[in-house]
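Notes for the one structure printed next.
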Amino acid sequence: MNPEKIQVRVTESGKSMDVVVLNKRASGIQVVLGEGAHCVKCDLSPTRNGMAYAGSAMGREIVYERSREQVQADIDRLNPALRKSR
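For the sequence shown, this note's numbering assigns the number 1 to the initial residue and increments by one for each residue that follows.
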């Protein structure tokens with residue numbers, strides 16, 4: 001199985017990094033930063049305006065710059081069987 005990766009931005013430094021997605025829903029995304037014994041889980045929740053997802057890991061804020069609608073479209077595109085079951 002090939003894990004899904006997304007690119008997030010660290011707000012303090014402005015740098016981007018790839019993270020592995022554990023769970024992806026329109027209501028929130030759970031990601032893992034790092035690998036091995038030094039990995040950290042982080043929950044990203046939608047911002048108030050719904051245009052991005054933000055979370056905090058080890059005191060640093062990370063942002064995934066996609067809207068709720070874009071994330072839901074990605075979920076529907078990757079697994080159309082889930083869409084039919086609703």
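Beta carbons are placed, not taken as given, at the ideal position from N, Cα and C, and that holds for glycine.
- Item | Beta-ladder partner(s) of ARG9, from DSSP | SER16 and VAL63
- Any idea what DSSP makes of ARG25, helix, strand or coil? strand
- Query: Between which two residues does the alpha helix (DSSP H) carrying ALA52 extend?
  - Reply: Segment: none, ALA52 is in no alpha helix (DSSP H) and carries neither H nor E.
Just to confirm, is the Cβ distance from LYS24 to VAL32 under 8 Å?
no
Contacting residues, own chain, Cβ-Cβ under 7 Å from MET58 (five flanking each side not counted) = VAL40
Return the residue from the list VAL20, VAL10, PRO80 and ARG9 that minimises the CA-CA distance to GLY29.
-> Checking the sequence shown, residue 29 turns out to be Ile, not Gly. Of VAL20, VAL10, PRO80 and ARG9, the residue nearest in Cα terms is VAL20.
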